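Here this note's numbering = 1-based position in the sequence shown + 263.
What follows is a short report on a single structure.
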Amino acid sequence: MGNLVDLGRWPLVIASQNGRLTVAEAGRLNAGMLDVLARARAENRRFAVVVDQRERQAPEKGALEIIHTFWSEREAEIAEWCVGYVSVVATPSLADLVENPGPGGLTVLGTVDYDAAVLWAADRLAITEPA
């Protein structure tokens, strides 16, 4: 699946960070999140993110630092607009490493079950959507 950000189910954002993350791909993932934040602001609408990382491999040197720096510089804004962030990983032990709350108080979940992740994110959105 590679590394991408898909807004086709907006405000549910489906992202993928699989394979070996390169520095260039880290930049594209960050650009995708900037697009998500811009759309959220423009529509005054919160979003949820599901990130599929089940086939993630060791990243290229510097790639994770680019992602982590991006998030640390924007953690308050991301937490303001994002109602939940779920990381789908390969093993229960990796899922257990996900810490809640995340950056800026963001509600996060780690799981090995992709379908459960999508349901969790949709439930988080339902809580914030007007009736």
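Here a beta-carbon is modelled for each residue, glycine too, at the ideal position from N, C-alpha and C.
The structure displayed is predicted, hence computed values, not measured ones.
Verify whether the separation of the beta carbon atoms of residue i and residue j is less than 7 angstroms.
| i | j | result |
| --- | --- | --- |
| residue 273 | residue 309 | no |
| residue 326 | residue 286 | yes |
| residue 374 | residue 346 | no |
| residue 289 | residue 329 | yes |
| residue 339 | residue 367 | yes |
| residue 316 | residue 352 | yes |
| residue 396 | residue 333 | The structure shown does not extend to residue 396, since the chain spans only 264 to 394, so no value can be given for it. |
Straight-line CA distance for residue i to residue j?
| i | j | result |
| --- | --- | --- |
| residue 369 | residue 312 | 11 angstroms |
| residue 264 | residue 314 | Low confidence applies to residue 264: its pLDDT is 39, below 50, so where it sits in the model is not reliable enough to give any reading. |
| residue 359 | residue 365 | 13 angstroms |
| residue 385 | residue 349 | 11 angstroms |
| residue 383 | residue 304 | 23 angstroms |
| residue 295 | residue 372 | 21 angstroms |
| residue 300 | residue 284 | 22 angstroms |
| residue 387 | residue 331 | 24 angstroms |
| residue 268 | residue 380 | 16 angstroms |
| residue 307 | residue 378 | 27 angstroms |
| residue 324 | residue 336 | 20 angstroms |
Which stretch, first to last residue, makes up the beta strand (DSSP E) that contains residue i?
| i | result |
| --- | --- |
| residue 395 | Coverage of the chain is limited to positions 264 through 394, which leaves residue 395 absent and any answer about it impossible. |
| residue 373 | 371-374 |
| residue 311 | 310-315 |
What does DSSP give as the partner residues of residue i in its beta bridges?
| i | result |
| --- | --- |
| residue 377 | BP columns for residue 377 are empty, so no partner. |
| residue 272 | 275 |
| residue 283 | In the DSSP output, where bridge partners are listed per residue, residue 283 has none listed. |
Residue range of the alpha helix (DSSP H) that residue i falls in?
| i | result |
| --- | --- |
| residue 287 | 286-306 |
| residue 327 | 326-344 |
| residue 364 | Here residue 364 belongs to no alpha helix (DSSP H), and DSSP marks it neither H nor E. |
| residue 358 | 355-358 |
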